[in-house]
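Quick notes on the structure that follows.
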Amino acid sequence: MKKVLVAGATGYLGKFVVREFKKQGFWVRALARNPRKLEKVGPFLEPRVKDYIDEIFIGEITKPETLRGICKDIDIVFSSIGITRQKDKLTFRDVDYQGNKNLLDIAIDSSVDKFIFISIFNAQIYQYLSGVKAREDFVRELKKSGLKYTIIRPTGYFSDMSEFLNMARRGRVYLIGKGENRMNPIHGADLAEVCVKAASIDKEEINAGGPEIFSYREIAELAFHVLEKKPRITSIPQGLINILINAIRVFNTKNAEILEFFTAAMTNDSIAPTYGNHFLKDYYEELLNASNMSMHYP
């Protein structure tokens, strides 16, 4: 039985990856800062995964001293580690680059067979953004490490698309620009299948998107349709968003950079080869049903 380490196991994709590796017969070690998150269904309907894990390793990716022994007897390392909505003082450089580099150094010393890493589709377009640059700097480290590797580049997660439903529930969806650019977001379960398959194939890079292609305006309209509400959509000029980003940067650099990334994403097409059979309308309906149930059963 092959053994896998999943770093990022408490995140949206990481939970699906843990479950899929276990379903495919792997022994699973999960890295977690907060193991309690493994016991709960996530806010974007990612599964409870504690029962799929053979061993929980408690440590912090930015503190190498807490990672000693993490790759002992491990065949495959998977990492989706990166800043999304963390509320601490760590930077993209600290986490997306150095955190993953800390893990890579241990993987090399432990002679693991393969390292699977999640980066970003069309990263070459966005390398002026510090978050993307940090991840791609790590990609370069991985490529010269001497380990076998696969870099997986998704277009965007269904969890990211939940914000459109949230805005629609509040009564109005705001788009950056006209919302004409297109993408094919992918569900975590579908992307997890891609990730686990990568463990057994010799492919160094995989671009991955979901089965449906939408414009951002169509995503907004779908959210209102699921809610059975009349669409109320406002387009915000990119120039105005840029002014807002610069204002936010004075007080919170990380939040400004996250908004800058989503602005760049919404003003470029992001269409990758299609995988999976999960559809955005179904996901929105599942989110809505879960929300309604929580309101009735606190």
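Under this note's numbering, the sequence shown is numbered contiguously, ending at residue 284.
Don't be surprised by glycine CBs; every beta carbon is placed ideally from N, CA and C.
* Inter-stretch contact at 8 Å, needing at least 3 Cβ pairs: the segment 3 to 19 / the segment 175 to 195 -> yes
* Using only alpha-carbon positions, find the residue among Asp188, Gln84, Tyr135 and Leu245 that is nearest to isoleucine 227. => Leu245
* Sort Pro29, Gly11, Phe12 and Lys(-11) by Cα distance to leucine -1 and report the nearest one. => Pro29
* Asked: So, are the CB atoms of glycine 117 and isoleucine 69 less than 8 Å apart?
  -> yes
* With DSSP as the reference, please indicate the residues paired to isoleucine 192 in a beta bridge. => Ile138
* Asked: Who pairs with valine -10 in a beta bridge, going by DSSP?
  -> Val14 and Ile62
* Secondary structure at methionine 281, three-state DSSP: helix, strand or coil? -> For methionine 281, the pLDDT reaches just 48, beneath the cut-off of 50, and the residue's location in the model is therefore unreliable, leaving the point undetermined.
* **Beta carbon of arginine 126 nearer than 8 Å to that of arginine 218** => no
* Can you name the residues that DSSP bridges to arginine 168? -> Ser201
* To do: Could you pull out every residue in the same chain whose Cβ sits closer than 6 Å to the Cβ of valine 182, ignoring the five residues on either side in sequence?
  => Glu6, Phe7 and Gln10
* To do: Sort Val(-10), Arg203 and Cys57 by Cα distance to serine 221 and report the nearest one.
  => Arg203
* Distance between phenylalanine 64 and histidine 264 (C-alpha atoms, nearest Å) -> 23 Å
* Hey, how far is the Cα of asparagine 167 from the Cα of lysine 58? -> 45 Å
* Within the segment 76 to 147, note down every full alpha helix (DSSP H) run reaching 4 residues or more, in order along the chain. => 86 to 95 and 116 to 129
* Contact under 8 Å by Cβ, leucine 89 with leucine 53 -> yes
* Asked: So what does DSSP say about glycine 2, is it helix, strand or coil?
  -> It is phenylalanine, not glycine, that sits at residue 2 in the sequence shown. Residue state, collapsed to three classes: helix.
* **Short Cβ contact (8 Å threshold) for leucine 213 with arginine 155** => yes
* To do: Provide the residue(s) that pair with tyrosine 160 in DSSP beta bridges, ordered along the chain.
  => Thr220
* Asked: Do you know offhand how far glutamine 113's Cα is from lysine 119's?
  -> 5 Å
* Starting from phenylalanine 248 and walking both ways along the alpha helix (DSSP H), at which residues does that stretch end? -> 239 to 252
* Note down, in chain order, each residue of its chain lying with its Cβ closer than 7 Å to the Cβ of proline 259, except the 5 sequence neighbours on either side. => Asn193, Ala194 and Gly195
* Which residue from Leu31, Val(-8) and Asn20 puts its Cα closest to that of phenylalanine 12? -> Val(-8)
* Distance, Cα to Cα, isoleucine 162 vs valine 14? -> 41 Å
* Asked: Is the CB-CB distance between serine 105 and leucine 273 below 8 Å?
  -> no
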